[in-house]
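Going by our numbering, the final residue of the sequence shown carries number 734, and the count climbs one at a time with no gaps.
C-beta: ideal position from N, C-alpha, C; glycine also.
A short write-up of the structure that comes next.
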Amino acid sequence: MPIKKKSVKRKKVKKQVKSKKKSKQAKKRKTVKQQRTPITELTAEERKKKVIFRRQTITLEEQYALEDLEKELRRKFRKSKFWRKSFRFFAYNGNVVDLEIRNVGLKKVPKSIGNLKSLKKLTLSYNKLTSLPDSIGDLESLEELLLHGNQLTILPDTIGNLKSLGELWLDDNKLTTLPKSLLKIPNLKNLKIKNNPWTKTSIKIWEQLTNQTGRIDGITNKEKKALADLEKVIGEPIPKVEYLLSNSFGFVVDNGHVTKLGINSKGLTKVPESIGNLKWLKELDLGRNSGLKTLPEDIGELRSLERLKLAYCRLTTLPKAIGNLESLEFLNLSDNSIKALPDSIGNLKSLKGLWLENHSLYNLPESFGNLVNLEGLTLKSSTLPTLPKSFLNLKNLKEILLGKRQALNFPSKLVNQLKAQGCRIFIQAREWVGDWGGDWETVTYEL
Numbered sequence: 288m289p290i291k292k293k294s295v296k297r298k299k300v301k302k303q304v305k306s307k308k309k310s311k312q313a314k315k316r317k318t319v320k321q322q323r324t325p326i327t328e329l330t331a332e333e334r335k336k337k338v339i340f341r342r343q344t345i346t347l348e349e350q351y352a353l354e355d356l357e358k359e360l361r362r363k364f365r366k367s368k369f370w371r372k373s374f375r376f377f378a379y380n381g382n383v384v385d386l387e388i389r390n391v392g393l394k395k396v397p398k399s400i401g402n403l404k405s406l407k408k409l410t411l412s413y414n415k416l417t418s419l420p421d422s423i424g425d426l427e428s429l430e431e432l433l434l435h436g437n438q439l440t441i442l443p444d445t446i447g448n449l450k451s452l453g454e455l456w457l458d459d460n461k462l463t464t465l466p467k468s469l470l471k472i473p474n475l476k477n478l479k480i481k482n483n484p485w486t487k488t489s490i491k492i493w494e495q496l497t498n499q500t501g502r503i504d505g506i507t508n509k510e511k512k513a514l515a516d517l518e519k520v521i522g523e524p525i526p527k528v529e530y531l532l533s534n535s536f537g538f539v540v541d542n543g544h545v546t547k548l549g550i551n552s553k554g555l556t557k558v559p560e561s562i563g564n565l566k567w568l569k570e571l572d573l574g575r576n577s578g579l580k581t582l583p584e585d586i587g588e589l590r591s592l593e594r595l596k597l598a599y600c601r602l603t604t605l606p607k608a609i610g611n612l613e614s615l616e617f618l619n620l621s622d623n624s625i626k627a628l629p630d631s632i633g634n635l636k637s638l639k640g641l642w643l644e645n646h647s648l649y650n651l652p653e654s655f656g657n658l659v660n661l662e663g664l665t666l667k668s669s670t671l672p673t674l675p676k677s678f679l680n681l682k683n684l685k686e687i688l689l690g691k692r693q694a695l696n697f698p699s700k701l702v703n704q705l706k707a708q709g710c711r712i713f714i715q716a717r718e719w720v721g722d723w724g725g726d727w728e729t730v731t732y733e734l
């Protein structure tokens with residue numbers, strides 16, 4: 288028994304020694320932190336003194352900035368070291384040139400960020416930042432600033448001091464306006480600001496920025512006005528893109544003119560008359576704007592237009608000027624509330640494909656037969672419009688897509704006549720495929 292008591296005492300002594308060592312180490316850390324001289328009390332030479340930090344050679348003032356950023360992250364994660372995986376910096380020739388703190392919930396950027404005078408790229412995307420310190424304007428060498436995916440509500444005016452800045456990403460924030468100081472940045476070429484609750488004042492600033500950022504350099508003033516008027520309606524700038532994908536948002540410039548424009552799913556309620564200024568436009572996608580009910584007659588000025596997508600809107604009529612689109616090859620009017628097509632539709636001599644799926648049409652005009660180059664027609668819907676006698680004039684018609692209900696009401700005589708002309712008629716319907724283990728599938732088969 289006495290031997291056991293001694294062993295217990297020894298264990299207690301060991302624990303006490305360990306705890307004393309830990310407390311001494313903690314005291315040392317505290318004293319080290321307390322010994323850090325304020326940056327304002329350092330001379331210029333002391334600030335530029337080279338030190339080793341995280342195995343990289345940087346200046347003392349840069350170390351201060353990185354340590355302050357680490358403090359902000361330690362407050363959030365406490366004992367966890369998770370943040371270190373998303374905290375990266377790269378030094379070159381003894382200076383920090385690249386810093387990335389991404390997707391770690393950073394809420395505040397310390398004032399000492401301005402110490403990173405040689406920083407060329409700063410990535411703070413997908414955090415929880417609501418503002419930036421004025422000292423952000425001290426980053427005199429900064430070329431790229433990526434702030435997308437935060438909660439920024441305002442930008443400091445000092446951002447205009449970033450004379451070397453060429454790329455600024457502000458997508459997916461809560462910005463309502465842009466500082467006018469952005470106009471002072473001479474090298475800004477790539478500005479991304481979509482998905483922000485912009486106000487009208489911000490759009491005015493955006494218009495002033497367009498020329499110096501190169502967003503719409505070289506296009507005519509009339510084209511600029513058309514884009515600006517559209518931006519006012521949707522409440523946000525339209526970005527310049529390299530190419531236009533399906534259901535996308537942006538515009539493409541080719542040989543100094545706007546050739547493609549997509550404003551899909553953007554809450555567009557009105558198309559301004561200045562749309563007619565886009566004389567060189569070849570593709571226009573205004574689909575999925577449920578508040579869009581009419582189009583201006585000026586749409587007929589787009590004589591170079593080859594593709595027009597108006598699907599999933601609430602259009603009730605089409606302007607007569609639609610017939611002026613002499614180059615139009617593909618027209619998608621599916622899922623609208625149009626009850627009748629204008630007679631001028633027959634003037635679309637270049638039309639090859641026409642989509643009239645899920646419509647409210649009760650008839651097609653006699654001029655429909657003038658679409659001599661029409662090759663594909665989709666009439667799949669809840670109602671089948673009355674077909675004009677001129678329908679058989681569509682000698683180049685190769686395919687018609689119907690729903691199951693339309694197929695039942697499609698005149699058999701007309702079916703035979705169309706087939707004799709080389710036209711194939713397809714039926715698309717939702718059918719149960721399989722026995723007990725089957726499921727509903729969309730099936731297409733030839734009539």
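Item: Give every residue of the same chain whose Cβ lies closer than 6 Å to the Cβ of Pro397, excluding the five residues on either side of it in the sequence, and list them in chain order.; Value: Asp355
Item: With 8 Å set as the bound, which would you pick, yes or no: does the beta-carbon of Glu332 sit closer than that to a beta-carbon of chain D?; Value: The chain labelled as chain D is not found in the depicted structure, where only one protein chain is given.
Item: If I measure Cβ to Cβ from Asn634 and keep anything under 6 Å in the same chain, skipping five residues before and after, which residues do I get?; Value: Gly610
Item: Would a C-beta distance cut-off of 8 Å place Tyr649 and Lys626 closer than the cut-off?; Value: yes
Item: Do you know offhand how far Leu582's Cα is from Lys404's?; Value: 53 Å
Item: Using CA atoms only, rank isn't needed, just tell me which of Asn474, Asp459, Lys700 is closest to Gly447.; Value: Asn474
Item: Quick check: the Cα distance between Glu431 and Leu409, rounded to an integer number of angstroms?; Value: 6 Å
Item: Within 10 Å of its beta-carbon, does Gly656 have 16 or more other beta-carbons around it, so buried, or fewer, so exposed?; Value: buried
Item: Report yes if the CB atom of Ala658 is closer than 8 Å to the CB atom of Leu674, and no otherwise.; Value: Before going further, note that residue 658 is Leu rather than Ala in the sequence given. The answer is no: Cβ separation not under 8 Å.
Item: Between Gln715, Pro698, Gly574, Arg362, which lies nearest to Arg601 when the distance is taken from Cα to Cα?; Value: Gly574
Item: Among Cys710, Lys547, Glu348, Asn508, which one has its Cα closest to the Cα of Lys527?; Value: Lys547
Item: Report yes if the CB atom of Val545 is closer than 8 Å to the CB atom of Ile521, and no otherwise.; Value: no
Item: Skipping 5 residues on each side, what residues in its chain have a beta carbon closer than 8 Å to that of Tyr413?; Value: Arg389, Asn390, His435, Gly436, Asn437
Item: So for Val702, helix, strand or coil by DSSP?; Value: helix
Item: Taking just the CA atoms, how far does Glu529 sit from Gly549?; Value: 12 Å
Item: Taking the alpha-carbon of Arg371 as reference, which of Glu510, Asn380, Leu353 has the nearest alpha-carbon?; Value: Leu353
Item: Suppose contacts are defined by Cβ-Cβ distances below 8 Å. Is Ser647 in contact with Ser614 by that definition?; Value: no
Item: At 4 residues or longer, and completely inside the stretch 426–460: list those alpha helix (DSSP H) runs for me, N to C.; Value: none
Item: Cα separation between Glu584 and Lys395?; Value: 52 Å
Item: Can you look up Glu728 in the DSSP assignment and give me helix, strand or coil?; Value: strand
Item: Any idea which residues DSSP pairs Ile521 with across the strands?; Value: Answer by DSSP bridge pairing: none, since Ile521 is not bridged.
Item: Check each candidate in Asn534, Leu532, Lys553 and name the one with the smallest Cα separation from Pro524.; Value: Lys553
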